[in-house]
Amino acid sequence: MPTTVSTNRADKVIDRCLRLASFSEDSEGTRRTFLSPPTRDCHLEIARWLSPLGVQARIDAAGNLHALYPAAQANAPHLLIGSHLDTVPNAGAYDGILGVVLAIALLEELQGRKLPFAVEVVGFSEEEGVRFGTPFIGSCALVGRLDQKLLEVHDAQGISVRKAIEEFGLNPEEIPQAELGNDALGYLEFHIEQGPVLESLSQPLAAVDAIAGQSRLEFTFLGRANHAGTTPMHLRCDAIAGAAEWIGAVERVAQGVPGLVATVGKLEAKPGAVNVIAAEACLTLDVRHSSDDVRTHAVEDLIRQAQEIAARRGLSVQENTLLSQRTIAMDPFLIGEIEQALRKTGCKPHRMVSGAGHDAMILAEKVPAAMIFLRTPRGISHDPAESVAAADVEKAIECGLHLLDQLASSPEFHKRINRA
Ligand SMILES: [Zn+2]
């Protein structure tokens, strides 16, 4: 466990995260989905923190918060730093939010000092996909991908993304103006790891070098329903038994390949009665790895094994691909700079792959993007027990300040500034 060193600035960051967690759609626990009323309170609170810096917050047409800390010279390009402000239901206080609050802390720590580039804090309106079942609505607007089709997606109440934007007092026709221009130098995101790896390595921080690609599929095993008492074992076509054999194969395949994770997270059986052999078993499969080849091979192997198991048991099996997302590499120059900043902070320059998707993955389509992970105590996230250690937050602030200073004096970054 990290030692409990606390500093004022780290405690302030943690207090602010807890404060934002109080802006919730639910009276018990934190739930703040895309452009829900508590999102406005969240924006107002952040604007209040920014005002002593002379920095104004503005909300773009997709509901993202932006706050520009100017450069030493007018019209200089800007570096974006941020994360998302929406949450899952019954959320913790730090997923996403910490990245926005840390960005504000970095501006405060500059104490009025201006850099050769502007720093733009960004708080994305939607990353989790809770309200519309579609994640990354906020960051999609910044890369010019929030299109007509996405605007017409509906939530459970039948309200479209377009309508939600209008109801928040924003104009969906202005979304194209939210797209980043050539004056965006890159995107940097601090985020909790949301897993147990850094804690197991006793590392407070890490540079993310890639966001793992993922495949999501649905499998349906079809058998024959029959009486659980009168049908002998050798005369059954049991869909659940076939699915169960295949679930074992999923676990074995993933255990046999370093870095591969595969999960059957959902299983539904029909007709679903204690005394009836199942006619149908529907399962989901989620496969992730930093190598797209390794991931697609694993998926092909598991499809083959499902067919082989089904054939041997007198079943049939169908699969349907829901998502196939390639691995997104983070910017090598920024990763190198983060490693250097980690060393200056007294941390090992540990690199890791993110198994979860993040806004940085979307921003990387348009600008150089990089992420810094903070150790997540007990690996717990998407739960009220989610936490961070003040000592790790302090290291993140230190690391962020070193990084800004390095970029300010880096010849390579100056080339990027001059090109923008
Ligand atoms: Zn997040």
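Take the sequence shown: its position 98, counted from the start at 1, is 147 in the working numbering, and no numbers get skipped. Even for Gly, the Cβ is constructed at its ideal location relative to N, Cα and C.
{"query": "Please check the pair residue 88 and residue 112, which I expect to be a contact at CB under 8 Å, by giving their CB distance rounded to whole angstroms.", "result": "7 Å"}
{"query": "State buried or exposed for residue 379, treating a residue as buried only when at least 16 other CB atoms are found within 10 Å of its CB.", "result": "buried"}
{"query": "Classify residue 181 as helix, strand or coil using the three-state DSSP reduction.", "result": "coil"}
{"query": "Could you pull out every residue in the same chain whose Cβ sits closer than 7 Å to the Cβ of residue 341, ignoring the five residues on either side in sequence?", "result": "262, 375 and 376"}
{"query": "On the DSSP bridge assignment, give the partners of residue 235 in chain order.", "result": "128"}
{"query": "Who are the near neighbours of residue 203 in its chain, counting only those whose CB is closer than 6 Å to its CB and skipping five residues on each side?", "result": "209"}
{"query": "Tell me which same chain residues have a C-beta within less than 8 Å of the C-beta of residue 416, skipping the five on either side of it?", "result": "129, 229, 233, 234, 235 and 236"}
{"query": "On the DSSP bridge assignment, give the partners of residue 338 in chain order.", "result": "262"}
{"query": "Please indicate yes or no: does the CB of residue 305 lie closer than 8 Å to some heavy atom of ligand 1?", "result": "no"}
{"query": "With contact counted as at least three CB pairs below 8 Å, one residue from each stretch, are the segment 296-304 and the segment 246-257 in contact?", "result": "no"}
{"query": "Locate the beta strand (DSSP E) running through residue 108, then write down its first and last residues.", "result": "106-108"}
{"query": "Mind the definition here: the segment 169-179 touches the segment 147-158 only if three or more C-beta pairs lie below 8 Å; say whether that holds.", "result": "yes"}
{"query": "Do residue 239 and residue 132 have their C-beta atoms closer together than 9 Å?", "result": "yes"}
{"query": "Please work out which residues of its chain come closer than 7 Å, Cβ to Cβ, to residue 352, disregarding the five sequence neighbours upstream and downstream, and give them in chain order.", "result": "368"}
{"query": "Grab the span of the alpha helix (DSSP H) containing residue 410 for me, first residue to last.", "result": "408-412"}
{"query": "Determine whether the beta carbon atoms of residue 441 and residue 423 lie at a separation below 9 Å.", "result": "yes"}
{"query": "Note down the Cα distance separating residue 183 from residue 222, rounded to an integer number of angstroms.", "result": "20 Å"}
{"query": "Verify the contact flag: residue 405, CB atom, against every heavy atom of ligand 1, threshold strictly below 8 Å.", "result": "yes"}
{"query": "With respect to the alpha helix (DSSP H) encompassing residue 88, which residues constitute its N-terminal and C-terminal limits?", "result": "86-99"}
{"query": "Under 5 Å, CB to any heavy atom of ligand 1. Which residues pass, going along the chain?", "result": "144 and 145"}
{"query": "Buried or exposed: where does residue 122 fall if 16 or more other Cβ atoms within 10 Å of its Cβ makes it buried?", "result": "exposed"}
{"query": "Residue 328: buried (16+ other C-beta within 10 angstroms of its C-beta) or exposed?", "result": "buried"}
{"query": "By DSSP, does residue 208 sit in helix, in strand, or in coil?", "result": "coil"}
{"query": "Considering only the beta carbon of each residue, do residue 316 and residue 266 sit closer than 9 Å?", "result": "no"}
{"query": "Let me confirm a value: residue 11 is counted as buried when at least 16 other C-beta atoms fall within 10 Å, else exposed. Which label applies?", "result": "Any property of residue 11 remains undetermined from this structure, which presents the chain solely from 50 to 469."}
{"query": "Do residue 180 and residue 140 come within 9 Å of each other at the CB atom, strictly closer than that value?", "result": "no"}
{"query": "Which residues in the same chain have their Cβ closer than 7 Å to the Cβ of residue 163, if we skip the five residues on either side of it in sequence?", "result": "119, 120 and 121"}
{"query": "According to DSSP, is residue 420 part of a helix, a strand, or is it coil?", "result": "strand"}
{"query": "Tell me residue 172's beta-bridge partners as DSSP assigns them.", "result": "114 and 132"}
{"query": "Determine the contact status of residue 461 and residue 362, defining contact as a CB-CB distance below 9 Å.", "result": "no"}
{"query": "Taking the beta strand (DSSP E) that residue 317 falls in, what are its first and last residues?", "result": "316-319"}
{"query": "On a CA-only basis, which of 165, 370 and 156 is nearest residue 457? Give me that one, please.", "result": "165"}
{"query": "Helix, strand or coil for residue 52, going by three-state DSSP, please let me know.", "result": "Bear in mind that a pLDDT of 45 at residue 52, under 50, signals an unreliable position, so the model cannot answer this."}
{"query": "Among residues of its own chain, excluding the 5 on either side of residue 389, which ones have a beta-carbon nearer than 7 Å to its beta-carbon?", "result": "455"}
{"query": "If you draw a straight line from the alpha carbon of residue 54 to that of residue 72, how long is it in whole angstroms?", "result": "Unreliable positioning characterises residue 54 in this predicted model, as indicated by a pLDDT of 48, which lies under 50. The coordinate reading is nonetheless provided below. Near 28 Å, if we compare the C-alpha coordinates of residue 72 and residue 54."}
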